[in-house]
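In our numbering, the protein residues as written are 21 to 174.
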């Protein structure tokens with residue numbers, strides 16, 4: 021490891037000493053508590069929105085959070101290791117297939133929603149056979165629902 025990487029690693033450890041930075045990805049809804057200084061007073065302000073991208077690496081890593089405020093889309097870029105960030109909390113995990121969600125800028129209302137990622141706790145305990153059985157149960161339930169709809173239409 022070269023000298024620059026070692027110095028950067030020390031700075032990251034120093035800046036993240038008092039706070040926990042969760043493992044979040046684009047698509048996750050996060051609450052970022054930011055220290056705001058107004059004159060001599062300082063307060064903590066919550067900024068809640070969808071993480072639409074992460075960029076950089078190491079000490080220079082940052083992430084962009086997008087929220088809708090009074091009908092207008094607002095984006096803010098936060099450095100991950102900024103001393104102005106008090107905490108980051110994950111509200112919900114999003115199921116997305118992109119690293120950058122810039123396409124959300126062009127969408128409004130329900131179209132801009134992101135599906136929540138679900139985890140199957142039982143699947144990890146019983147192995148892949150149980151996961152396959154759950155998948156089959158879901159598909160048969162969907163097939164039964166479609167059959168009912170077709171029967172009603174006839």
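Beta carbons are placed, not taken as given, at the ideal position from N, Cα and C, and that holds for glycine.
Who are the near neighbours of residue i in its chain, counting only those whose CB is closer than 7 Å to its CB and skipping five residues on each side?
i, result
"residue 116", "46, 47 and 134"
"residue 103", "35"
"residue 109", "50 and 51"
Apply the 10 Å Cβ neighbour rule to residue i and answer buried if 16 or more other Cβ atoms are within range, or exposed otherwise.
i, result
"residue 94", "exposed"
"residue 57", "exposed"
"residue 24", "exposed"
"residue 127", "exposed"
"residue 122", "exposed"
"residue 69", "buried"
"residue 111", "exposed"
"residue 97", "exposed"
Cutting at 6 Å between CB atoms, please list the residues of its own chain near residue i, excluding the five before and the five after it.
i, result
"residue 73", "46, 84 and 120"
"residue 28", "78 and 79"
"residue 53", "64, 66, 106 and 107"
Given this structure, state the Cα-to-Cα distance separating residue i from residue j, to the nearest angstrom.
i, j, result
"residue 207", "residue 65", "One cannot answer for residue 207 here, as it falls past the ends of the chain, which runs 21 to 174."
"residue 40", "residue 90", "31 Å"
"residue 132", "residue 114", "12 Å"
"residue 55", "residue 61", "10 Å"
| message | For a minimum of 3 consecutive residues, which ranges assigned as the beta strand (DSSP E) are wholly contained in the stretch 30 to 90? | response | 49 to 58, 61 to 75 and 82 to 89
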